[in-house]
Amino acid sequence: MARNETGKSSWRYVMKILFCTPRLPYPLIYGDSLIVYHIASQLSKEHDVFLLSLTKGDKDDENVRVLKKRKIFDDIITINFPKPSVVGKWLDRLLSDPKRHVSLRYPRFKERFVSVVHKIVKDKTVDVIHSHGLLTSLFLAEYTACPKVAVLIDSMGLHSQKGMGTARGIMLWKAKFLYYRAVKLERFILKAYSSVIVVSSQDAMFLKNLHEKASIEVIPNGVDTDYFHPISEVHRDEQRKKILFFGNMAYEPNQDAAFYIVKEILPLVRREVQDAILYIVGANPPDVVRKLDNGRTIVVTGFVEDIRKYIAQADVVLVPMRKGSGIKNKILEAMAMGKPVVCNSIAAEGLSLEAKRSLAIADTPREMACEIVKLLWDPARRSEIGKKARSVVLSQYSWVSCARRYYQVYKNVIAEQG
271 MARNETGKSS
281 WRYVMKILFC
291 TPRLPYPLIY
301 GDSLIVYHIA
311 SQLSKEHDVF
321 LLSLTKGDKD
331 DENVRVLKKR
341 KIFDDIITIN
351 FPKPSVVGKW
361 LDRLLSDPKR
371 HVSLRYPRFK
381 ERFVSVVHKI
391 VKDKTVDVIH
401 SHGLLTSLFL
411 AEYTACPKVA
421 VLIDSMGLHS
431 QKGMGTARGI
441 MLWKAKFLYY
451 RAVKLERFIL
461 KAYSSVIVVS
471 SQDAMFLKNL
481 HEKASIEVIP
491 NGVDTDYFHP
501 ISEVHRDEQR
511 KKILFFGNMA
521 YEPNQDAAFY
531 IVKEILPLVR
541 REVQDAILYI
551 VGANPPDVVR
561 KLDNGRTIVV
571 TGFVEDIRKY
581 IAQADVVLVP
591 MRKGSGIKNK
601 ILEAMAMGKP
611 VVCNSIAAEG
621 LSLEAKRSLA
631 IADTPREMAC
641 EIVKLLWDPA
651 RRSEIGKKAR
661 SVVLSQYSWV
671 SCARRYYQVY
681 KNVIAEQG
């Protein structure tokens, strides 16, 4: 799939890019997988793109086959990722040394991973390594044979700092430990890489305070606006007002948001709109989340094949995050489908001012419930907000524009180390 340079190419020159990822970028149920999949899809139109991914043995075989059929990557190499050492985990917690973090938890695996990377770099004459996520970036922190970029997406330190704000008792001590460990690991990454990419300015500012000399680029998440588009021909139960919250339910901040909605927001909404029904949609809900389903006013679906069906049927998409950082893909996807979104300030972090103006932002359960109720009773306003949201996404959050910005970062790093 090698590309040739022609006068028609919109890129300056063809690159050979190696994506190193902590899991396969398929299925598209994780935020980090979405970024890799779509950025690689765009770049592969003009560049040679290779994938080295950690996998869970036979469980990922079908996903590898799907990716190969889609012909995004010129080659896909996988390494079976071992379970962490129990003794190593305790030693890591005791020593708290970022240089030894992965070596202690995964004895001898770092050397194997780096060896495979080096072979690919030499065999494919790779120009730049895109190291995706904290784990793979730690594995490659001391590798210097090829220019590399760390894509942290969002800051684990900032996420942990927010966790300290809501934790109490022994959980507060745990949150503090996670915060200080995250800070050490991220500072180590910032010093080891020529450039680090995050999705929001809040994450960038937090990381910049850890290491002032770090080169940190902010590239927001994108959304597939061809896939996520307004759908008018959809069967709707006009007798029920539908509120939707969706996301990967294995992610603890999503679990927290689901409980927050059920316990503190939905009861206030139902005082005013008695036929309101909440849908909690997303893969891997733990039992405590599944038990929220009462068959009447709350429905927990688990994994669904096509989230667009649920977004299309929703009257309001609700995103009241109390934890986590970075841009929320669920907000961009709902906006792209022309749906009104009610969220809090934390959920809206990282979005442009224009994007925020197309959201209903409120920060207390009562304020959010009020916004939801107003939208549920006003279809004309829902339509107006939805159209504006779609327009903003089309102009600011396409994967094409995101990929060009990644390319520019790669180019700068190559030039700096060339």
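Its first residue numbered 271, the sequence shown is counted upward by one per residue in the numbering used here. Idealized CB from N, CA, C, for every residue including glycine. Since we're looking at a predicted model, the values are computed, not measured.
Relative to the alpha-carbon of residue i, which residue among the options has its alpha-carbon at the smallest distance?
i, options, result
"V689", "R335, L442 and G517", "Outside the shown range of the chain (271 to 688) lies residue 689, about which nothing can therefore be said."
"R597", "N554, V387 and Y667", "The residue you asked about is not Arg; residue 597 is Ile in the sequence shown. Of N554, V387 and Y667, the residue nearest in Cα terms is Y667."
"S455", "L410, N350 and P417", "Looking at the sequence shown, residue 455 is not Ser but Leu. Taking only the C-alpha atoms, the option nearest L455 is L410."
"V551", "K359, M519, V611 and S464", "M519"
"Y296", "S314, Y283 and K339", "K339"
"I467", "S401, T495 and G439", "S401"
"F351", "V611, R375 and K326", "K326"
"G608", "I631, R651, K644 and S622", "R651"
"E522", "L321, H429 and V306", "H429"
"A582", "P590, K593, E619 and I513", "I513"
"I347", "E332, H371 and L321", "L321"
"A617", "K359, P590, R335 and A484", "P590"
"R540", "P635, K657, G656 and L361", "P635"
"S502", "A452, F515 and K579", "K579"
Drop a sphere of 10 angstroms on the beta-carbon of residue i, count the other beta-carbons inside from all chains shown, and report buried for 16 or more, exposed for fewer.
i, result
"Q509", "exposed"
"F447", "exposed"
"A685", "exposed"
"V662", "buried"
"Q678", "exposed"
"R566", "exposed"
"K593", "buried"
"E641", "buried"
"Q687", "exposed"
"E619", "buried"
"N479", "exposed"
"I309", "buried"
"D330", "buried"
"S665", "exposed"
Per DSSP, what are the beta-bridge partners of residue i in this structure?
i, result
"F529", "Beta-bridge pairing links F529 to no other residue."
"S323", "T291 and T348"
"S243", "No answer is possible for residue 243: the residues shown for the chain start at 271 and end at 688."
"D318", "K286"
"Y449", "DSSP lists no partner for Y449."
"I342", "I342 is not bridged to any residue."
"E487", "I467"
"I547", "K512"
"V493", "S668"
State the start and end residues of the unbroken beta strand (DSSP E) segment that holds residue i.
i, result
"K511", "K511 to F516"
"T571", "I568 to G572"
"Y680", "Here Y680 belongs to no beta strand (DSSP E); instead the alpha helix (DSSP H) covers W669 to Q687."
"I597", "That residue, I597, is in no beta strand (DSSP E); it is neither H nor E in DSSP."
"L588", "V586 to V589"
"V611", "V611 to C613"
Considering just the uninterrupted stretch of the alpha helix (DSSP H) at residue i, what are its terminal residues?
i, result
"Y580", "I577 to Q583"
"D328", "Here D328 belongs to no alpha helix (DSSP H), and DSSP marks it neither H nor E."
"I655", "P649 to Q666"
"L410", "Unbroken run through L410: none, as it is neither H nor E."
"D633", "Where D633 is concerned, there is no enclosing alpha helix (DSSP H), given that its DSSP letter is neither H nor E."
"M607", "Premise fails: M607 is in no alpha helix (DSSP H) and is neither H nor E."
"I501", "Taken as a continuous stretch (DSSP letters only), I501 belongs to no alpha helix (DSSP H), as it is neither H nor E."
"M434", "M426 to T436"
Given 8 Å as the limit, is there contact between the segment 467-480 and the segment 645-659, that is, 3 or more CB pairs closer than that? no
Does the count of Cβ pairs from the segment 417-428 and the segment 357-371 closer than 8 Å reach three? no
Does the count of Cβ pairs from the segment 301-320 and the segment 387-406 closer than 8 Å reach three? yes
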